[in-house]
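S.K.: In the numbering used here, the protein residues as written are 1 to 490.
Glycine included, every Cβ here is placed at the ideal spot set by N, Cα and C.
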């Protein structure tokens, strides 16, 4: 019985696997069809081509990481150039691995490929259903990734730090600074009319995403459930699925059988767009037609879901609104807006260098950060990496994106004399900053843990390794021939 029910779920596992493997290939910077595009070349390294599609995917990943921030024309050009540099460096490492005879055994390759799948069910589904060419492409990509990683080993082996140096580094890092700042964003320089003009010329791209409304019947089943429990739950779910597909009232079935919180509402999950729901659920929900019940279960971490699509709202052009105006403003930023923001920031800085006691007043008037409400006062920030239990929510969007303090801001915070305003403007991913340092001290409450120290060590070692590898790649660039087929700075 268990084997029979498991076989009925192949479609579900295939859907989960498809979503997962889209992520794999996007992360690796290649795609299943890349070998078909070799005539459409972006650039080559020692005669080996890199397709335009691979290059554009790399650019898009960079752009996505800066979504919603001030991205000027010159910064976009920098992104395109950096994406090209990354792919060229990857190709150099790949060629180095070939030159050095780096080899991956069949057993190693099989193990690495298997490890990329979220679970054995997804792996087995693709093992039986994917084409030989699909597996060949996946294995070639995995083989390449392993070889590139191993080509880095001899370079990174040179990175070494003594215990005494570690002690000093960790001690230096566990400091914090009490900070105020005034933020000037380039987006603030964009006028409403410029945004409206942008909307009118790009409205075909500014869309309200497609939405669906679904109902569900959930049978809870953990991944580590015993086989007897799984058989019992799946058998019950199968009986209810047959009733739903036979036309029984889905809402009534949900109220009677579902173990989800929305059971009392007849399993109504409401409307949602792509990205709002569990990926496994979305993949099925958007594939169904209005009124259709899915012909098998959807397996998630919560259990088995029976899904019915009630209604679909197609993609439409987003209507003009004040909310959309503010959402689009960063997309309209150009170099001239960045320059205008800098000029405005410099004027305020010049005033503050003469009258530093006016910082809070000028921050409340000029700053575009939330901290303007408190005279620009951000409070205590760590040097770079957040220790555990360190309050950080109020710092996000001001001096950090969440993982670590912006490096330019950190540099100013720990190099500017306490009690003074930094004499130069600071440029971060958020915009232009005027920084004032009130005080610095060792972090004491809560005291950093051994885990925090290990994080500092790993972070520093990673940065040192990056510097070492980048220097090696810079040296190698003098020895390789790179031929550009497109203008990467346009």
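Can you look up residue 278 in the DSSP assignment and give me helix, strand or coil?
M.R.: The residue you call residue 278 lines up with position 278 of the chain shown. The answer is coil: DSSP assigns residue 278 none of H, G, I, E or B.
S.K.: Using only alpha-carbon positions, find the residue among 444, 167, 220, 307 that is nearest to residue 236.
M.R.: Within the chain shown, numbered from 1, the residue matching residue 236 stands at position 236. Among 444, 167, 220, 307, the Cα nearest to that of residue 236 belongs to 220.
S.K.: Give me the Cα-Cα distance between residue 516 and residue 89, rounded to the nearest whole angstrom.
M.R.: Residue 516 is absent from the model: the chain starts at 1 and stops at 490.
S.K.: Are the beta-carbon atoms belonging to residue 385 and residue 456 less than 8 Å from one another?
M.R.: On the chain shown, residue 385 is found 385 positions in, with the first residue counted as 1. On the chain shown, residue 456 is found 456 positions in, with the first residue counted as 1. Yes. Within cutoff.
S.K.: Note the first and the last residue of the continuous alpha helix (DSSP H) segment covering residue 214.
M.R.: In the chain shown, residue 214 corresponds to position 214, counting from 1. Run containing residue 214: none in the alpha helix (DSSP H); it sits in the beta strand (DSSP E), 211-220.
S.K.: Could you pull the DSSP bridge partners for residue 140 from this structure?
M.R.: Here residue 140 refers to the residue found at position 140 of the chain shown. Per DSSP, residue 140 has no beta bridge partner at all.
S.K.: From this set, 424, 439, 387, 408, which residue's C-alpha is nearest residue 448's C-alpha?
M.R.: Your numbering for residue 448 matches position 448 in the chain shown. It is 387.
S.K.: Quick one: Cα of residue 183 to Cα of residue 435, how far?
M.R.: Sequence index remark: in the chain shown, residue 183 carries index 183 (1-based). Sequence index remark: in the chain shown, residue 435 carries index 435 (1-based). Straight-line spacing of the CA atoms in residue 183 and residue 435 works out to 9 Å.
S.K.: Since residue 299 sits in a beta bridge, which residues does DSSP pair it with?
M.R.: Within the chain shown, the letter at position 299 stands for residue 299. As DSSP reads the structure, residue 299 sits in a beta bridge with 304.
S.K.: Under the rule that 16 or more other beta-carbon atoms within 10 Å means buried, what is residue 473, buried or exposed?
M.R.: On the chain shown, position 473 is the one that residue 473 refers to. With 16 or more Cβ atoms within 10 Å of its Cβ, residue 473 is classed as buried.
S.K.: Answer with buried or exposed for residue 264, where buried requires no fewer than 16 other C-beta atoms within 10 angstroms of its C-beta.
M.R.: For the purposes of this step, residue 264 is identified with residue 264 of the chain shown, where counting begins at 1. Residue 264 is exposed by the Cβ-count criterion.
S.K.: In the structure shown, what three-state DSSP assignment does residue 491 receive?
M.R.: Here the chain has residues from 1 to 490 only, and residue 491 is not among them.
S.K.: What's the call for residue 483, buried or exposed, on a 16-neighbour Cβ count within 10 Å?
M.R.: Taking the first residue of the chain shown as 1, we reach residue 483 at position 483. Exposed, by the Cβ-count rule.
S.K.: Tell me where the alpha helix (DSSP H) around residue 59 begins and ends.
M.R.: Looking up residue 59 in the chain shown gives position 59. Where residue 59 is concerned, the enclosing alpha helix (DSSP H) stretches over 52-65.
S.K.: Could you compute how far the alpha carbon of residue 93 sits from the alpha carbon of residue 148?
M.R.: Taking the chain shown and counting its residues from 1, the one referred to as residue 93 is at position 93. Taking the chain shown and counting its residues from 1, the one referred to as residue 148 is at position 148. Going from the Cα of residue 93 to the Cα of residue 148 covers about 5 Å.
S.K.: By the DSSP assignment, the beta strand (DSSP E) with residue 424 in it spans what residues?
M.R.: Here the question's residue 424 lines up with position 424 in the chain shown. Counting along the chain, residue 424 falls outside any beta strand (DSSP E), and DSSP gives it neither H nor E.
S.K.: Since residue 49 sits in a beta bridge, which residues does DSSP pair it with?
M.R.: Looking up residue 49 in the chain shown gives position 49. Answer is 44, bridged to residue 49.
S.K.: Let me make sure I understand the geometry here. Which of 111, 475, 464 has the alpha-carbon closest to that of residue 165?
M.R.: The residue labelled residue 165 in the question sits at position 165 within the chain shown. Here the closest residue by C-alpha is 464.
S.K.: With C-beta atoms as the reference, is residue 172 less than 8 Å away from residue 438?
M.R.: Stepping through the chain shown from its first residue, residue 172 is reached at position 172. Stepping through the chain shown from its first residue, residue 438 is reached at position 438. Taking 8 Å as the Cβ cut-off, residue 172 and residue 438 do not qualify as a contacting pair.
S.K.: Should residue 224 be labelled buried (16 or more other beta-carbon atoms within 10 Å of its own) or exposed?
M.R.: Looking up residue 224 in the chain shown gives position 224. Exposed, because fewer than 16 other Cβ atoms sit within 10 Å of the Cβ of residue 224.
S.K.: Evaluate the contact criterion for the segment 155-165 versus the segment 296-304: three or more CB pairs, one atom per stretch, below 8 Å.
M.R.: no
S.K.: Residues bridged to residue 436 by DSSP?
M.R.: What you label residue 436 is simply residue 436 of the chain shown in a count that begins at 1. Looking at the DSSP assignment, residue 436 forms a beta bridge with 180, 421.
S.K.: Less than 8 Å between the CB atoms is what I'm expecting for residue 254 and residue 266, so what's the real figure, rounded?
M.R.: Residue mapping note: residue 254 aligns to position 254 of the chain shown, counting from 1. Residue mapping note: residue 266 aligns to position 266 of the chain shown, counting from 1. Right, their Cβ atoms sit about 5 Å apart.
S.K.: So for residue 155, helix, strand or coil by DSSP?
M.R.: Looking up residue 155 in the chain shown gives position 155. Residue state, collapsed to three classes: helix.
S.K.: For the alpha helix (DSSP H) containing residue 457, name the first residue and the last one.
M.R.: For the purposes of this step, residue 457 is taken as residue 457 along the chain shown, with counting starting at 1. First-last of the alpha helix (DSSP H) with residue 457: 450-477.
S.K.: Between the alpha carbons of residue 348 and residue 188, how many angstroms are there, rounded?
M.R.: As a working mapping, residue 348 is identified with position 348 in the chain shown. As a working mapping, residue 188 is identified with position 188 in the chain shown. When rounded, the distance between both Cα atoms is 15 Å.
S.K.: Under the three-state reduction of DSSP, which class applies to residue 170: helix, strand or coil?
M.R.: Counted from its first residue, the chain shown places residue 170 at position 170. Helix, per DSSP.
S.K.: Considering Cα atoms alone, identify which of 356, 136, 216 is closest to residue 296.
M.R.: Counted from its first residue, the chain shown places residue 296 at position 296. Comparing Cα positions, the closest option is 216.
S.K.: Cα separation between residue 411 and residue 230?
M.R.: Start at 1 with the first residue of the chain shown, and residue 411 comes out as number 411. Start at 1 with the first residue of the chain shown, and residue 230 comes out as number 230. C-alpha separation (whole angstroms): 56 Å.
S.K.: In chain order, which continuous runs of the alpha helix (DSSP H) of length 4 or greater are located wholly inside the segment 75-134?
M.R.: 106-115, 120-129
S.K.: Under 8 Å: do the segment 111-118 and the segment 131-146 share three or more Cβ pairs, one atom per stretch?
M.R.: Here the segment 111-118 lies against the segment 131-146, with 3 or more beta-carbon pairs under 8 Å apart.
S.K.: Under 8 Å, do residue 408 and residue 426 count as touching if we go by C-beta distance?
M.R.: Along the chain shown, read from residue 1 onward, the residue named residue 408 stands at position 408. Along the chain shown, read from residue 1 onward, the residue named residue 426 stands at position 426. Contact flag set, yes.
S.K.: Which first and last residues belong to the beta strand (DSSP E) in which residue 268 is found?
M.R.: The residue labelled residue 268 in the question sits at position 268 within the chain shown. Residues 268-272.
S.K.: Cβ of residue 379 within 8 Å of Cβ of residue 360?
M.R.: By 1-based counting over the chain shown, the position of residue 379 is 379. By 1-based counting over the chain shown, the position of residue 360 is 360. Not in contact: residue 379 and residue 360 (Cβ atoms no closer than 8 Å).
S.K.: Decide if the segment 316-326 is in contact with the segment 200-218; the criterion is three or more beta carbon pairs, one per stretch, under 8 Å apart.
M.R.: yes
S.K.: Across which residues does DSSP place residue 293 in a beta bridge pair?
M.R.: As a first step, residue 293 must be located in the chain shown, where it is residue number 293. Its beta-bridge partners are 308.
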